[in-house]
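Quick note on numbering: our numbering labels position 297 of the sequence shown as 299, and the sequence is numbered without any gaps. Ideal placement from N, C-alpha and C gives every residue a C-beta, glycine not left out.
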Amino acid sequence: IRFSTAIGYLTPSRHRLNLTIRPNCTTRRIIFEGKKAVGVEVESGGEVFVAEAEQIILSSGAIGSPQIMLLSGVGPADHLKEMGLPVVHDLPGVGQNLRDHPMIYVTFKTKEGHPMDGFAPRVQMGLRWTADGSEYRNDMMILMQSYATERVDRGGERMEPLGIRMLGVLDLAMSAGELKLTSTDPTEQPSLEYRYLQDPFDRQRMREMVRTCVSLGADEKFKDIVEYRIEPTDEELESDDTLDAFCARDVTTGQHISGTCKMGPASDGMAVVDQHGRVHGLENLRIADASVMPNCIRANTNVTTMMIGERMADFIRNGE
Numbered sequence: 003i004r005f006s007t008a009i010g011y012l013t014p015s016r017h018r019l020n021l022t023i024r025p026n027c028t029t030r031r032i033i034f035e036g037k038k039a040v041g042v043e044v045e046s047g048g049e050v051f052v053a054e055a056e057q058i059i060l061s062s063g064a065i066g067s068p069q070i071m072l073l074s075g076v077g078p079a080d081h082l083k084e085m086g087l088p089v090v091h092d093l094p095g096v097g098q099n100l101r102d103h104p105m106i107y108v109t110f111k112t113k114e115g116h117p118m119d120g121f122a123p124r125v126q127m128g129l130r131w132t133a134d135g136s137e138y139r140n141d142m143m144i145l146m147q148s149y150a151t152e153r154v155d156r157g158g159e160r161m162e163p164l165g166i167r168m169l170g171v172l173d174l175a176m177s178a179g180e181l182k183l184t185s186t187d188p189t190e191q192p193s194l195e196y197r198y199l200q201d202p203f204d205r206q207r208m209r210e211m212v213r214t215c216v217s218l219g220a221d222e223k224f225k226d227i228v229e230y231r232i233e234p235t236d237e238e239l240e241s242d243d244t245l246d247a248f249c250a251r252d253v254t255t256g257q258h259i260s261g262t263c264k265m266g267p268a269s270d271g272m273a274v275v276d277q278h279g280r281v282h283g284l285e286n287l288r289i290a291d292a293s294v295m296p297n298c299i300r301a302n303t304n305v306t307t308m309m310i311g312e313r314m315a316d317f318i319r320n321g322e
């Protein structure tokens, strides 16, 4: 069950005198005086203005927060210089440690006459277990789904038949990616290099995931439902190498990006914020969103991100 933060937090607070909600704004950069954050440069309706504050709280998500930091001159000095940006503070971890939940689909054609409800809940049930040889409890998850052709488009003819699919989700992946600027224009999307399955243990676990899905689909209990497996093909299941190639081609995002401004002690050269969300080496600047997670949790990031916001609010109220 998910709950909207807009409904839960903004709606009941909308009429407070100490709260101003300004829609249709683009944050261009954070304004610094030396190492102290003093405001943000904002564009709205063609107008560019500066909003000043005693404390700046960046909460733009695991993509937006590191992008704004980089545009403000905070991040790896080499990348900032490459983009022609002045270096306000060399902080190597900004945009690094990009974490996510890599996902893979195993799809099946259902037999004629088997009822398919295109408007049924997409996730029907789930299975969690610990991968062979893993020290991480419940790092594997399979979700059972049905799909209808008109609702799913992954760009290939292999998705044409109506059927069912098993969605494999890898938690606590070892591989980490990075975010970099593609432009100094804040409206241009940054580059996301996920680097899925680069670590051998990630590939091992993903192979186990796919083979478990294939085995479940071949079970006697599916004989009246499944006509044949669409993908991976038998040829793609022949060896570890062929299965790795299938996984590398079809792996996709779990849309749980996190870790790009990770929390950690100042002694960690890749840490961006401390335990109170304060940016290392800078004053009056905090980050409160999924980017501060050191790793992607073994769950949806929704409620954990809300908890981060609640915790940061407590820190600020308590003067921490």
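Pairwise C-alpha distance: residue j and residue i
i	j	result
Glu-152	Phe-110	With a pLDDT of only 48 at Glu-152, under 50, the local geometry of the prediction cannot be trusted, and the value read off the model is given with reservation. Cα to Cα, Glu-152 sits roughly 16 Å from Phe-110.
Met-308	Ala-315	11 Å
His-81	Ser-185	11 Å
Pro-117	Ile-227	9 Å
Asp-141	Trp-131	7 Å
Gly-256	Asn-302	9 Å
Ile-289	Gln-277	11 Å
Val-89	Leu-145	45 Å
Gly-219	Gly-179	32 Å
Phe-248	Glu-238	6 Å
Ala-174	Lys-223	With the sequence shown as reference, residue 174 is identified as Leu, and Ala is not the correct amino acid for it. Roughly 31 Å between the two C-alpha positions.
Lys-264	Val-281	10 Å
Ser-217	Val-275	44 Å
Val-154	Thr-254	At Val-154, the pLDDT of 48 sits below 50, so the modelled position is not reliable and the matter cannot be decided from this model.
Tyr-107	Ser-293	27 Å
Gly-336	Asp-221	In the structure as shown, the chain begins at 3 and stops at 322. Residue 336 is therefore absent and cannot be evaluated.
Asn-304	Ile-259	11 Å
Asn-320	Glu-56	16 Å
Asp-252	Thr-306	28 Å
Arg-18	Asp-246	55 Å
Glu-233	Glu-137	30 Å
Environment of residue i [buried if 16+ CB atoms lie within 10 Å]
i	result
Arg-160	Any reading at Arg-160 must be qualified, since the residue scores a pLDDT of 45, below 50, and its modelled position is unreliable; the value itself is stated next. Arg-160 comes out exposed.
Leu-21	exposed
Gly-170	buried
Pro-78	buried
Leu-199	buried
Tyr-230	exposed
Thr-29	buried
Ile-9	exposed
Gly-135	exposed
Ala-250	exposed
Met-127	exposed
Asp-291	buried
Asp-147	Per the sequence shown, the amino acid found at residue 147 is Gln instead of Asp. Under this definition Gln-147 is a buried residue.
Three-state secondary structure (DSSP) of residue i
i	result
Phe-110	strand
Lys-223	helix
Gly-36	coil
Glu-84	helix
Asp-141	coil
Gly-75	coil
Asp-331	The chain is shown only over 3 to 322; residue 331 falls outside these bounds and no answer can be derived.
Gln-69	helix
Ser-15	helix
Ile-59	strand
Ile-9	helix
Leu-21	coil
Leu-100	strand
Leu-129	strand
Ala-122	coil
Option nearest residue i by Cα separation, candidates the options
i	options	result
Met-143	Leu-129, Ser-46, Met-105 and Ser-193	Leu-129
Glu-54	Gly-48, Ser-61, Lys-38 and Glu-84	Lys-38
Asp-102	Arg-300, Asn-320 and Gly-266	Arg-300
Glu-35	Asn-286, Ser-15 and Met-295	Asn-286
Gly-47	Gly-279, Asn-26 and Lys-113	Asn-26
Ile-65	Glu-45, Met-105, Glu-49 and Leu-181	Leu-181
Gly-1	Gln-147, Arg-4, Gly-86 and Gly-165	Outside the displayed span of the chain (3 to 322) sits residue 1, for which this structure offers no information.
Val-212	Lys-225, Arg-197 and Ser-241	Ser-241
Leu-12	Asn-320, Glu-322 and Gly-311	Gly-311
Met-85	Leu-284, Thr-214, Ser-193 and Asp-243	Ser-193
Pro-188	Ser-6, Phe-5, Gln-69 and Arg-313	Gln-69
| said: Which runs of the alpha helix (DSSP H) at least 4 residues long sit entirely within the segment 227-313? Give them in chain order. | reply: 242-252
| beta strand (DSSP E) runs contained entirely in the segment 169-216, provided each spans 3 or more residues | 180-182 and 193-195
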